[in-house]
Amino acid sequence: MNPHCVYIICGATASGKTAVSISFAKHLSTGIISADSRQCYKEISIGTAKPTLEQLREIPHYFIDEFPIANELNAADFEKLALQYLDNIFQKSDTAIVCGGTGLYIKALCEGLDDMPETNKKIAEEIESAYNNQGMEWLQQQIKKEDIEFYNTGEIQNPARLIRALSFVRSTGKSILSYRTNNKKQRPFSIIKIGLELPREVLYARINQRVDDMMKDGLLDEVKRLYPFRNLKNLQTVGYSELFDYLGSKYSLEQAIEKIKQNTRHYAKRQMTWFRKDKEINWFNADDKDIIDKILTINKPDSKS
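In the numbering used here, the protein residues as written are 263 to 567.
The following block contains the structure:
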């Protein structure tokens, strides 16, 4: 049995993943890989709820503040980078922690991704431009017409996935689902998945409070600096899109803040729907004071080198 073990700490946004992962990393004397599709970008910090500078100094972190916002990284990039980060961590420790809420990134690291043909970049840009002009309903209708199989999966509230699926079918003539084999890659380390959960009313209250705290911490100023780049794909994200709309006079500031809260709650619900489908996740109440001790009682599964 390979001695190396990766602990995955996942769950909805604002569920307390960062605090738990840092406490656990201190206990294990190891590093943390962020599995968040936005924290890797240098220019967006407040709205992505990055660990604080003090926390980053306490524990070695990877995939945070590593790339400019114009770089478009995806799950395949994360898989490759995360395996490199793990090699680095395993030189000093037998354990590593991966913490984040981007389900596809976690899946890519744990299971690998299917090989797929490239999509036509020009087609993708045209779809993204049309989405920016015509909105979500247009995007959903195009998918319904051109890839009913994907439409019927229910993943129709995530614009990035819809744009990817529509770009794929227009580029290849086939549904992106036709390339999903569900063949898991074998990893040379064992994996233990930890899910953090809270009662819905508690989680939603924390989301609302965190948005208020982000505004106090200067989120609006951060968004103002990024306004000239607002059409970049990486800035089409909750907390930024709504304030771009405010700056463009689409909403009042109060309306924009309320929309951030609402869209973050919706995002948290989608995250939990994704993670609940994974039967390998061991669920814990995020507020459990003995959570570290309880995680350590989980038996490590066998791994194949």
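We treat Cβ as the ideally placed atom computed from N, Cα and C, and that holds for glycine.
Contact under 7 angstroms by Cβ, residue i with residue j
i	j	result
Leu439	Glu459	no
Ile453	Cys372	yes
Gly293	Pro322	yes
Glu341	Ala370	yes
Ile368	Ala297	yes
Trp536	Gly365	yes
Thr499	Arg319	no
Glu504	Lys521	yes
Ile308	Leu482	no
Thr275	Ala548	no
Ser437	Asp474	no
Val282	Ile295	no
Ile418	Glu390	no
Gln209	Gly363	With the chain running from 263 to 567 in the structure shown, residue 209 is simply not present.
Gly457	Gly273	yes
Tyr324	Tyr347	yes
Ile469	Arg527	yes
Start-to-end residues for the alpha helix (DSSP H) that takes in residue i
i	result
Lys455	Careful: Lys455 lies outside any alpha helix (DSSP H), inside the beta strand (DSSP E) at Ser452 to Glu459.
Asn414	Unbroken run through Asn414: none, as it is neither H nor E.
Ile385	Lys383 to Gln396
Glu484	Leu481 to Leu488
Asp555	Ile553 to Ile557
Leu428	Pro421 to Thr434
Val282	Lys279 to Leu290
Phe352	Ala337 to Phe352
Cys302	Careful: Cys302 lies outside any alpha helix (DSSP H) and carries neither H nor E.
Phe506	Ser503 to Leu509
Leu439	Segment: none, Leu439 is in no alpha helix (DSSP H) and carries neither H nor E.
Tyr529	Leu515 to Arg538
Lys478	Arg462 to Lys478
Ala370	Gly365 to Glu373
Residue span of the beta strand (DSSP E) that contains residue i, given as start and end
i	result
Phe329	Note, Phe329: premise wrong, no beta strand (DSSP E); not H, not E.
Asn547	Ile543 to Asn547
Ile295	Ile294 to Ser296
Cys272	Cys267 to Gly273
Ile359	Thr357 to Cys361
Supposed contact pair residue j and residue i - C-beta distance, whole angstroms, cut 8 angstroms
i	j	result
Asp540	Lys455	7 angstroms
Met378	Tyr441	5 angstroms
Lys446	Gly374	7 angstroms
Tyr508	Ala518	4 angstroms
Asn394	Asn493	7 angstroms
(message) Check whether the stretch 316 to 331 and the stretch 393 to 402 are in contact - that is, three or more C-beta pairs closer than 8 angstroms.
(response) no
(request) Report yes or no: do the stretch 264 to 283 and the stretch 343 to 359 share at least 3 C-beta pairs separated by less than 8 angstroms? (result) yes
(request) Could you tell me whether the stretch 345 to 354 touches the stretch 281 to 289, where touching means 3 or more Cβ pairs closer than 8 angstroms? (result) no
(message) Below 8 angstroms, how does it come out for the stretch 416 to 433 and the stretch 377 to 391: are there three or more Cβ pairs, yes or no?
(response) yes
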